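Below is one structure, written out as structure tokens; comments come after it.
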Amino acid sequence: MAADQEQFYQVLTTLLSTDNNVRSQAEEAYSNLPVQTKVSHLFGAIHNANLGDEARQMSAVLLRRVFSNDFLDFYPKLPPESQVQLKEQVLMAIQQAQTEQLRHKVCEVVAEVARNLIDDDGNNQWPEFLQFLFHCANDPNPVLKEAALQMFTSVPGVFGNQQNNYLDLIKQMLLQSLAPTEAYDVRFQAVRAVGAFILINDKETQILKHYADLLGPMLHVIAESVHQQADDTLLKVLIDLAENTPKYLRPQLLPIYDMCMKIFSDTGALDSWRQLALEVMVTLAEMAPAMVRKNASKYMEQLIPLILQFMADLEEEDGWAESDELLDEDNDCNNVVAEAALDRLACGLGKRKDHPSIGKQSIPAMLASPDWKRRHAALMALSAIGEGCHKQMEIMLPQIMDGVPGVMEGILRYLQDPHPRVRYAACNAIGQMSTDFAPVFEKKFHDRVVPGLLMLLDDNANPRVQAHAGAALVNFAEDCPKHILSGYLEPLMGKLEGILTAKFKELVRKELNFVLEQVVTTIASVADTAENEFISYYDRLMPCLKYIIQNANKDELKLLRGKAVDVC
1 MAADQEQFYQ VLTTLLSTDN NVRSQAEEAY SNLPVQTKVS HLFGAIHNAN
51 LGDEARQMSA VLLRRVFSND FLDFYPKLPP ESQVQLKEQV LMAIQQAQTE
101 QLRHKVCEVV AEVARNLIDD DGNNQWPEFL QFLFHCANDP NPVLKEAALQ
151 MFTSVPGVFG NQQNNYLDLI KQMLLQSLAP TEAYDVRFQA VRAVGAFILI
201 NDKETQILKH YADLLGPMLH VIAESVHQQA DDTLLKVLID LAENTPKYLR
251 PQLLPIYDMC MKIFSDTGAL DSWRQLALEV MVTLAEMAPA MVRKNASKYM
301 EQLIPLILQF MADLEEEDGW AESDELLDED NDCNNVVAEA ALDRLACGLG
351 KRKDHPSIGK QSIPAMLASP DWKRRHAALM ALSAIGEGCH KQMEIMLPQI
401 MDGVPGVMEG ILRYLQDPHP RVRYAACNAI GQMSTDFAPV FEKKFHDRVV
451 PGLLMLLDDN ANPRVQAHAG AALVNFAEDC PKHILSGYLE PLMGKLEGIL
501 TAKFKELVRK ELNFVLEQVV TTIASVADTA ENEFISYYDR LMPCLKYIIQ
551 NANKDELKLL RGKAVDVC
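Residue numbering for the sequence shown follows the UniProt record's numbering, starting at 1 and increasing by one per position.
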């Protein structure tokens, strides 16, 4: 047995190798072991103080994985005394673990056992664990308190069908752990534990009320974690609560917004923290709009200008004009995060007719800015809020598109902006409005929109702008009344045919295909709306499209080929 254990330790050590071949052999040897042998050897490794901490941590990870996948296959087959021994071993490992990292991983092992020992009827078959949990939570040693809270966080439903009998004890455990006199690590873990327990009881109104007085102490610890800037887990807990149980947060709504506004408005803070603070506020507005409108509307007035500033957090990028936006998108960038937040805020708060249009004060000033980033942000903001603020914006469409002298410049003029990214944003706004306000938009503005977008199809120095103008035309054509689009067929198809031919030649020479893909898509959209009136253009386009179908055989050209097939 000792020889087998030593051989297993060698396999375990080899699993940590950086050599892929060596590690693969060890993985195969490990996978071939019977489950009971794995469990026995892994327990031995966790308890072996002579092994390196890394190997013991690896053993705990592997053991948790075994329990997660195979517990019910092997545990019921063990003799009763072996079952008792297994449960004693995992609890003992927590008390023996010497490093924080190992202890955390062992806690996950224990939680996995506890999870598996709750039957389908909610009966907890391991009462000793519950006793151990409360014992550790009340121990003067903060290490054991933190361990208890971590296990409870991992399996907050561990009390099963007896939970109601323990509600006061659980609350007392959590409230004591949040006390300012406790070690920070204990309070940190207590916030996670409260969050986990509230989330699994999110439909239990009485439990939420009973645990309402935990929220204030939780927020103090969350604020402390923000101040330390070391671990953003607790802000993520707050986001989960905002998404799933926003009414639980109602008593502390103003302090929550106050804390998050301070984080978000701090330009010296890490972007990731600012984004999380924004997410808390937006999620609350999205999930409980009436509550936010009634109690936190003053924060919305302050928040919108800050989001617009965040949207203007852009950098000049070499090669932007020739890059495909599908490949270029970074969803973690401040401007992308802010744009999505604005869209969600508008949908959450803006649908009431009596609610003021989001950004009504800030957007005109940003449109008039000499800074291209602010103009870009304002145009992207107009794209984002159309769906949510539909009732307010539809009335204002003439001012938004054509402008009001001395008050606001209209979107149409930005199709000729000196900066390509602003022209791109103008296309984006027009394309989005074509969808959000169809067919009113198409009927009112076709005589300025179509010529403006056709002009940008000639922007050969900025293929990305060209492609986006084509995309905006797709949106416009999809919902445009046929009799209106028919009046533009000749100039529209003449332009698209010319670009198709030019970009086809460019494809052969440069292999730059995203504009060509967009032009083919635009042609398909126009054909779909024009129907029979498109027939006269069919023969002129077919030679080029058929050549694309026959010769676009590379993987990177599959999308182009598919779009050409759609047109044909």
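All residues carry an ideal CB built from backbone N, CA and C; glycine is no exception. Keep in mind the model is a prediction, meaning the values are calculated, not measured.
For residue i, the first and last residue of its enclosing alpha helix (DSSP H)
| i | result |
| --- | --- |
| His-47 | 35 to 47 |
| Lys-171 | 163 to 177 |
| Ile-198 | 184 to 200 |
| Arg-375 | 372 to 385 |
| Thr-205 | 205 to 210 |
| Pro-405 | Note, Pro-405: premise wrong, no alpha helix (DSSP H); not H, not E. |
| Ile-411 | No alpha helix (DSSP H) holds Ile-411; DSSP gives it neither H nor E. |
| Gly-216 | 215 to 228 |
| Cys-347 | 334 to 349 |
| Asn-244 | 233 to 244 |
| Val-22 | 20 to 31 |
| Glu-517 | 514 to 530 |
| Ser-154 | 142 to 154 |
| Pro-364 | 362 to 367 |
Nearest-angstrom Cβ-Cβ length linking residue i and residue j, presumed shorter than 8 angstroms
| i | j | result |
| --- | --- | --- |
| Gln-125 | Leu-117 | 4 angstroms |
| Gly-463 | Ala-321 | Residue 463 is actually Pro in this sequence, not Gly. Sure, about 7 angstroms apart at Cβ, within 8 angstroms. |
| Met-408 | Pro-364 | 4 angstroms |
| Gly-431 | Asn-475 | 4 angstroms |
| Leu-221 | Arg-187 | According to the sequence shown, residue 221 is Val rather than Leu. So it is a contact: roughly 5 angstroms between Cβ atoms. |
| Leu-270 | Gln-229 | 7 angstroms |
| Pro-246 | Leu-215 | Contact flag wrong, Cβ pair sits at about 12 angstroms. |
| Val-39 | Leu-16 | Rounded, the Cβ-Cβ distance is 20 angstroms, inconsistent with contact. |
| Ser-59 | Leu-12 | 6 angstroms |
| Arg-293 | Val-237 | That pair is no contact at about 25 angstroms. |
| Leu-382 | Ala-429 | 5 angstroms |
Same chain, Cβ closer than 8 angstroms to residue i, neighbours up to 5 away in sequence not counted
| i | result |
| --- | --- |
| Thr-529 | Ala-477, Glu-478, Cys-480, Lys-482, Leu-485 |
| residue 619 | Because residue 619 is not part of the residues shown, which for the chain are 1 to 568, the question remains open. |
| Cys-427 | Leu-415, Leu-453, Leu-456, Val-465, His-468, Ala-469, Ala-471, Ala-472 |
Same chain, Cβ closer than 6 angstroms to residue i, neighbours up to 5 away in sequence not counted
| i | result |
| --- | --- |
| Pro-356 | Residue confidence is low: Pro-356 scores 47 on pLDDT, short of 50, so the model does not pin down where it sits. Its coordinate-derived value is still stated next. The answer is none, since no qualifying residue turns up. |
| Lys-373 | Ala-312, Leu-314 |
| Ala-425 | His-376, Leu-379, Met-380 |
| Asp-354 | Residue placement at Asp-354 is flagged as unreliable, the pLDDT there being 44, under the threshold of 50; the coordinate-derived value follows with that caveat. Result list for Asp-354: empty, nothing under 6 angstroms. |
| Thr-37 | none |
| Gly-348 | Ala-285, Glu-286, Pro-289 |
| Ala-93 | Ile-46, Val-106 |
| Met-151 | Cys-107, Val-110, Ala-111 |
| Ala-196 | Thr-153, Pro-156 |
| Arg-344 | Val-282, Glu-286 |
| Phe-74 | Val-35, Gln-36 |
Nonlocal neighbours in the same chain, by C-beta distance under 7 angstroms from residue i, ignoring five residues either side
| i | result |
| --- | --- |
| Gly-160 | Ile-118, Gly-122, Asn-123, Asn-124 |
| Asp-70 | Val-35 |
| Asp-232 | Ser-272, Trp-273, Leu-276 |
| Thr-501 | Cys-544 |
| Glu-279 | Ile-239 |
Whether residue i touches residue j by CB criterion (8 angstroms)
| i | j | result |
| --- | --- | --- |
| Tyr-547 | Met-493 | no |
| Leu-303 | Met-281 | yes |
| Glu-517 | Leu-560 | yes |
| Ala-114 | Val-158 | yes |
| Val-194 | Leu-174 | yes |
| Leu-241 | Leu-276 | no |
| Ala-471 | Ser-434 | no |
| Tyr-248 | Leu-208 | yes |
| Asp-185 | Glu-243 | no |
| Val-520 | Tyr-488 | no |
| Gln-89 | Phe-129 | no |
| Leu-149 | Ala-190 | yes |
| Ile-549 | Val-526 | no |
| Met-393 | Gly-386 | yes |
| Val-226 | Ile-263 | yes |
| His-41 | Phe-67 | no |
| Leu-178 | Pro-217 | yes |
| Ala-26 | Thr-14 | yes |
| His-135 | Lys-171 | no |
| Gln-57 | Gln-101 | yes |
| Gly-350 | Gly-388 | yes |
The ligand HEM heavy atom lying under 7 angstroms from the CB of residue i
| i | result |
| --- | --- |
| Tyr-257 | Because no ligand of any kind appears in the structure shown, any question about the ligand HEM cannot be addressed here. |
Quiz item: Which full runs of the alpha helix (DSSP H) of 4+ residues lie inside the stretch 246 to 299, going along the chain?
Solution: 253 to 265, 271 to 287
Exercise. Would you list, in sequence order, the uninterrupted alpha helix (DSSP H) runs of no fewer than 4 residues that lie entirely inside the stretch 68 to 139?
Key: 80 to 96, 100 to 116, 127 to 137
Exercise. Identify every run of the alpha helix (DSSP H) within the stretch 413 to 482, keeping only runs that are complete inside it and at least 4 residues long; order them along the chain.
Key: 420 to 436, 440 to 456, 463 to 478
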